[in-house]
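Here's the structure, in structure tokens; my notes come after.
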Amino acid sequence: MKRVEANDPVAMCQMGRRRYSEGDYDGAFEYFSKAAALGDIFAHNNLSVMYQKGEGVEKDDKKAVHHLEQAAIGGHPDARHNLGCLEGANGRDDRAVKHLIIAANLGHDESLENLKLIYREGRVSKEDFASALRGHQAAIDAAKSPQREAAEKWRRKMAARV
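According to this note's numbering, the residues represented by the sequence shown are 14 to 175, in order.
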């Protein structure tokens, strides 16, 4: 709570997630809004979901897209992917592909899978797809570390116990 009182956007976003998981959408909205105002991209992404679903707020697609764009601009891979899906659903394939390539370059697996499908349909060039593959692999390689591998090993061990 001290970090929240100190206006730490990460702590505020975590508190918002806690409130959201408890079904306290008003409280979640308050914390996400404060964190987003301080530039937290995860808070922006969460606000986008709340506006899109109408949870704790009146459903508002414009505000949902605004927060999604803010999260994507800040580097949130899921937000970038979701913008790509939104653009594709609205028939703007060129913009959709650009968003999906950016998300794939951030290591977003689902974006790479979507690009694979779009490539098979002939709606993305071989060069762009190859570039996205290289960018995705580079992002995955950059995230590798002995600590992450040990944590993953521990997670699998714990999951096997259940």
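Virtual Cβ for every residue (Gly too), placed ideally from N, Cα, C. The structure presented is a predicted model; accordingly, all values stated were derived computationally and were not measured.
Is it right to say ILE153 is buried, meaning 16 or more other beta carbons lie within 10 angstroms of its own, or is it exposed?
Stepping through the sequence shown from its first residue, residue 153 is reached at position 140. It counts as exposed.
If I'm right that HIS94 touches ALA109 with Cβ under 8 Å, what's the distance once you round it to whole angstroms?
Working through the sequence shown from its first residue, we reach residue 94 at position 81. Working through the sequence shown from its first residue, we reach residue 109 at position 96. The Cβ separation is near 10 Å, so there is no contact.
On the three-state DSSP scale, how would you describe LYS72?
Within the sequence shown, numbered from 1, the residue matching residue 72 stands at position 59. Correct three-state label for LYS72: coil.
Check this for me: beta carbons of ALA56 and PHE42, under 8 Å apart or not?
For the purposes of this step, residue 56 is taken as the residue at position 43 of the sequence shown. For the purposes of this step, residue 42 is taken as the residue at position 29 of the sequence shown. Cβ atoms of ALA56 and PHE42: not closer than 8 Å.
Considering only residues of the same chain and omitting the five flanking positions on each side of ALA50, which have a CB-CB separation below 8 Å?
By one-based count along the sequence shown, residue 50 stands at place 37. Same-chain partners within the cutoff: there are none.
Using alpha carbons as the reference points, say which of GLU35, GLU71, HIS112 lies closest to ALA84.
Residue 84 sits at position 71 when you count from the first residue of the sequence shown. Taking only the C-alpha atoms, the option nearest ALA84 is HIS112.
Going by DSSP in three states, ARG32 sits in which element: helix, strand or coil?
Counting from 1 along the sequence shown, the entry for residue 32 is found at position 19. Of the three classes helix, strand and coil, the one that applies to ARG32 here is helix, per DSSP.
Within this structure, are the beta carbons of LEU128 and VAL137 separated by less than 8 Å?
On the sequence shown, residue 128 is found 115 positions in, with the first residue counted as 1. On the sequence shown, residue 137 is found 124 positions in, with the first residue counted as 1. Going by C-beta atoms, LEU128 is nearer than 8 Å to VAL137.
May I have the straight-line CA-CA distance separating ASN58 from ALA24, to the nearest angstrom?
As a first step, residue 58 is located in the sequence shown; it is residue number 45 there, counting from the start. As a first step, residue 24 is located in the sequence shown; it is residue number 11 there, counting from the start. Their Cα atoms are separated by approximately 15 Å.
In whole angstroms, what is the alpha-carbon distance linking ILE114 and HIS121?
Here the question's residue 114 lines up with position 101 in the sequence shown. Here the question's residue 121 lines up with position 108 in the sequence shown. In a straight line, the C-alpha of ILE114 is about 9 Å away from that of HIS121.
May I ask you to report which of helix, strand or coil DSSP gives SER158?
In the sequence shown, the residue the question calls residue 158 occupies position 145. Residue state, collapsed to three classes: coil.
Measure from the alpha carbon of LYS66 to the alpha carbon of each residue in GLY88, ALA155, LYS47, TYR38, then state which is nearest.
Counted from its first residue, the sequence shown places residue 66 at position 53. It is TYR38.
To the nearest angstrom, how far is it from the Cα of SER124 to the Cα of ASP53?
Here the question's residue 124 lines up with position 111 in the sequence shown. Here the question's residue 53 lines up with position 40 in the sequence shown. Approximately 22 Å, taken between the alpha carbons.
Within the continuous alpha helix (DSSP H) that includes VAL137, where are the two ends?
Here residue 137 refers to the residue found at position 124 of the sequence shown. It is not in any alpha helix (DSSP H) - VAL137 carries neither H nor E in the DSSP assignment.
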